[in-house]
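Reviewing the structure listed below.
Number of protein chains: 2
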Amino acid sequence: MRLAELSESSGVPIPTIKYYLREQLLPPGRRITATQAEYDDSHLRRLRLVRALIQVGRVPVATAREVLAAVDDDSLGRTIRLGAALWALPQPPEAPEDDPATAEAASTVDRLLDELGWDTAREIGSLSPSYRTLVTTVATLNRLGYPCGTPELTPYARHMERVAEHDIDRLDTIPEEVEKVEIAVAAAILYEPVLLMLHRLAQEEHSARRFGL
Amino acid sequence: MRLAELSESSGVPIPTIKYYLREQLLPPGRRITATQAEYDDSHLRRLRLVRALIQVGRVPVATAREVLAAVDDDSLGRTIRLGAALWALPQPPEAPEDDPATAEAASTVDRLLDELGWDTAREIGSLSPSYRTLVTTVATLNRLGYPCGTPELTPYARHMERVAEHDIDRLDTIPEEVEKVEIAVAAAILYEPVLLMLHRLAQEEHSARRFGL
DNA sequence: CCTCGTTGGACAGTGTCACTATCCAATCAC
DNA sequence: GTGATTGGATAGTGACACTGTCCAACGAGG
Numbered sequence: 001m002r003l004a005e006l007s008e009s010s011g012v013p014i015p016t017i018k019y020y021l022r023e024q025l026l027p028p029g030r031r032i033t034a035t036q037a038e039y040d041d042s043h044l045r046r047l048r049l050v051r052a053l054i055q056v057g058r059v060p061v062a063t064a065r066e067v068l069a070a071v072d073d074d075s076l077g078r079t080i081r082l083g084a085a086l087w088a089l090p091q092p093p094e095a096p097e098d099d100p101a102t103a104e105a106a107s108t109v110d111r112l113l114d115e116l117g118w119d120t121a122r123e124i125g126s127l128s129p130s131y132r133t134l135v136t137t138v139a140t141l142n143r144l145g146y147p148c149g150t151p152e153l154t155p156y157a158r159h160m161e162r163v164a165e166h167d168i169d170r171l172d173t174i175p176e177e178v179e180k181v182e183i184a185v186a187a188a189i190l191y192e193p194v195l196l197m198l199h200r201l202a203q204e205e206h207s208a209r210r211f212g213l
Numbered sequence: 001m002r003l004a005e006l007s008e009s010s011g012v013p014i015p016t017i018k019y020y021l022r023e024q025l026l027p028p029g030r031r032i033t034a035t036q037a038e039y040d041d042s043h044l045r046r047l048r049l050v051r052a053l054i055q056v057g058r059v060p061v062a063t064a065r066e067v068l069a070a071v072d073d074d075s076l077g078r079t080i081r082l083g084a085a086l087w088a089l090p091q092p093p094e095a096p097e098d099d100p101a102t103a104e105a106a107s108t109v110d111r112l113l114d115e116l117g118w119d120t121a122r123e124i125g126s127l128s129p130s131y132r133t134l135v136t137t138v139a140t141l142n143r144l145g146y147p148c149g150t151p152e153l154t155p156y157a158r159h160m161e162r163v164a165e166h167d168i169d170r171l172d173t174i175p176e177e178v179e180k181v182e183i184a185v186a187a188a189i190l191y192e193p194v195l196l197m198l199h200r201l202a203q204e205e206h207s208a209r210r211f212g213l
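Chains as they are written, first to last, in full-length UniProt numbering: chain W, 1 to 213; chain R, 1 to 213.
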């Protein structure tokens with residue numbers, strides 16, 4: 001497959017593919033001659049993953065490179081590779097640590113994790129970007145005057161726990177091993193918008209039912 | 001409250017506040033003299049909402065202006081105002097309609113809504129940005145070779161339905177009427193990151209439990 | 001009254017980011 | 001052999017969210 005054909009079948013413009021090659025989001029093709037290269041299905045799949053990361057997942061190019069590097073790192077096991085990839089996802093800017101609202105939010109989240117019995121998350125604690133982002137967001141909500149303490153968060157956490165269990169059950173059902181990590185990353189990143197949109201649709205539905213259109 | 005004081009107590013730099021005033025994200029202060037203006041608590045609250053929208057919610061400035069215009073539109077009822085505000089939230093770029101994968105994804109989502117009995121969502125259909133984004137995302141997942149049909153989506157939709165019901169119950173418990181819409185918008189936008197982060201934390205927790213660290 | 005620092009406002013400049021346009025020499029198709 | 005095409009390098013573009021500079025009008029201290 002030539003570059004033009006790769007562009008054709010992926011719908012991505014040639015200059016953009018060249019840009020991705022340059023940024024190492026896409027491995028170089030197999031060199032045929034000094035000036036021509038051949039691409040295969042793995043390039044096509046990777047290219048679609050890149051587009052999904054950037055356009056749907058809104059992942060910055062530099063971050064996508066890290067995520068993909070983790071995906072390609074054969075020295076890591078599957079779980080670690082997936083974790084490393086998700087670990088690299090972008091987070092909103094963090095509030096200063098000396099902020100009292102941040103400190104309070106941190107203790108709120110800690111109490112939540114204790115209550116839920118999420119001991120692993122509790123141990124990893126502030127090393128996890130998810131944890132830190134959660135703290136920042138809770139602090140923001142509190143500063144805005146919106147109640148967001150442990151009691152408010154607990155039901156949401158229980159719901160998401162069930163969703164996560166379901167996610168992991170599904171991961172085990174994927175048959176192919178080769179592209180498993182690639183697919184898992186795509187799933188992790190692309191299922192988040194799906195969840196959000198289902199959430200908004202459900203809100204629209206139930207809001208309309210309760211209050212009318 | 002002078003501009004400098006507003007900047008001080010919000011932590012937002014003065015030039016940025018001026019920029020927000022210029023972009024009409026923040027209403028102008030009450031003019032004291034020809035060259036000085038006075039701001040109050042409502043400005044401070046609005047400013048924090050703007051920061052939350054832009055920094056946590058990653059809402060573009062132009063979109064934030066529309067969202068806030070809907071919030072301020074006294075001619076609309078509360079539900080409509082909230083709907084209008086959420087309606088304006090940014091969506092990923094949409095796939096071309098003639099794409100066969102998009103058409104298939106649309107029918108998948110339609111079947112899902114039928115199955116769930118979300119009749120209002122079904123009627124509104126493609127008018128809702130949430131619907132269209134969901135279709136686009138499902139199409140992307142399918143193109144990547146990830147199974148994402150009605151059976152895969154249904155359990156997720158059921159979970160999010162329960163979350164949405166809980167959301168709406170909570171909305172009713174907010175006592176103050178004046179800032180209700182403002183708070184509801186902040187909640188709708190800021191609770192999405194909270195949900196996502198709880199989801200990721202839960203994934204980390206259960207993945208670690210099942211597969212080890 | 002008269003400074004002199006401060007205020008709000010206008011406007012141009014900056015940094016980042018995701019592309020995109022241009023150019024070039026090597027090669028392939030006829 | 002010749003004209004189009006290819007892959008690669010480099011520089012440019014446009015959107016976006018600020019940010020820095022300047023300025024005339026205040027307002028408080030002497």
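Think of the CB as a built atom: it goes at the ideal place given N, C-alpha and C, for glycine as much as any other residue.
Given the structure is predicted, the values throughout are model-derived calculations rather than measurements.
Shortest alpha-carbon distance to residue i belongs to which of the options?
i	options	result
Leu25(W)	Ala84(W), Ala52(W), Ala34(W)	Ala52(W)
Ala184(R)	Ser207(W), Pro28(W), Thr173(W), His166(W)	Ser207(W)
Leu201(W)	Arg170(R), Val50(R), Pro129(R)	Pro129(R)
Leu44(R)	Leu21(R), Ile32(R), Val59(R), Ala62(R)	Leu21(R)
Ala186(R)	Ser75(R), Leu49(R), Asp41(R)	Leu49(R)
Leu86(W)	Leu68(W), Pro15(W), Ala34(W), Asp74(W)	Leu68(W)
Leu47(R)	Thr140(R), Met160(R), Glu161(R), Glu5(R)	Glu5(R)
Ile80(W)	Gly57(W), Arg30(W), Lys180(W), Trp118(W)	Lys180(W)
Val56(W)	Glu123(R), Gly125(R), Thr140(R)	Thr140(R)
Ser42(W)	Gly117(W), Leu89(W), Arg170(W), Pro27(W)	Pro27(W)
Ile124(W)	Gly83(W), Phe211(W), Glu161(W), Arg78(W)	Gly83(W)
Leu89(R)	Ala188(R), Arg210(R), Phe211(R), Arg209(R)	Ala188(R)
Phe211(R)	Arg210(W), Asp172(W), Arg209(W), Val12(W)	Asp172(W)
Ala62(R)	Pro100(R), Gly117(R), Arg2(R), Tyr19(R)	Tyr19(R)
Met1(W)	Glu23(W), Pro13(W), Pro15(W), Gln36(W)	Gln36(W)
Per the DSSP calculation, residue i is bridged to which residue(s)?
i	result
Gln36(R)	Thr33(R)
Comparing the C-beta of residue i with each C-beta of chain R, is any distance below 8 Å?
i	result
Ser130(W)	yes
Ile183(W)	yes
Leu127(W)	no
Asp74(W)	no
Val138(W)	yes
Leu26(W)	no
Ala62(W)	no
Thr120(W)	yes
Arg81(W)	no
Leu44(W)	no
Thr108(W)	no
Ser207(W)	yes
Arg210(W)	yes
Taking Cβ to Cβ, would you say residue i is nearer than 8 Å to residue j?
i	j	result
Glu204(W)	Leu196(R)	no
Glu104(W)	Asn142(W)	yes
Thr136(R)	Thr108(R)	no
His166(R)	Pro147(W)	no
Val194(R)	Leu134(W)	yes
Ile17(R)	Ser7(R)	yes
Ile54(R)	Ala70(R)	no
Ala157(R)	Leu198(W)	yes
Glu94(W)	Arg122(W)	no
Less than 8 Å between CB atoms is the rule here; does residue i satisfy it with respect to chain W?
i	result
residue 216(R)	Because residue 216(R) is not part of the residues shown, which for chain R are 1 to 213, the question remains open.
Glu204(R)	yes
Val56(R)	yes
Tyr156(R)	yes
Ile168(R)	yes
Tyr20(R)	no
Just the chain R side, please: which residues come within less than 8 Å of residue i by C-beta, in chain order?
i	result
His199(W)	Met160, Val163, Ala164, Glu192, Leu195
Could you work out which residues of chain W lie near residue i, taking near to mean beta carbons separated by less than 8 Å?
i	result
Ala105(R)	Under the 8 Å cutoff, chain W gives no residues; its nearest Cβ is about 11 Å from Ala105(R).
Thr133(R)	Pro193, Met197
Quick one: list the residues of chain W neighbouring residue i, beta-carbon separation under 7 Å, in chain order.
i	result
Tyr146(R)	Ile183, Ala186, Ala187
Since residue i meets chain R, which of its residues come closer than 9 Å, beta carbon to beta carbon?
i	result
Arg143(W)	Arg48, Ala52
Leu86(W)	Arg200, Gln203, Glu204
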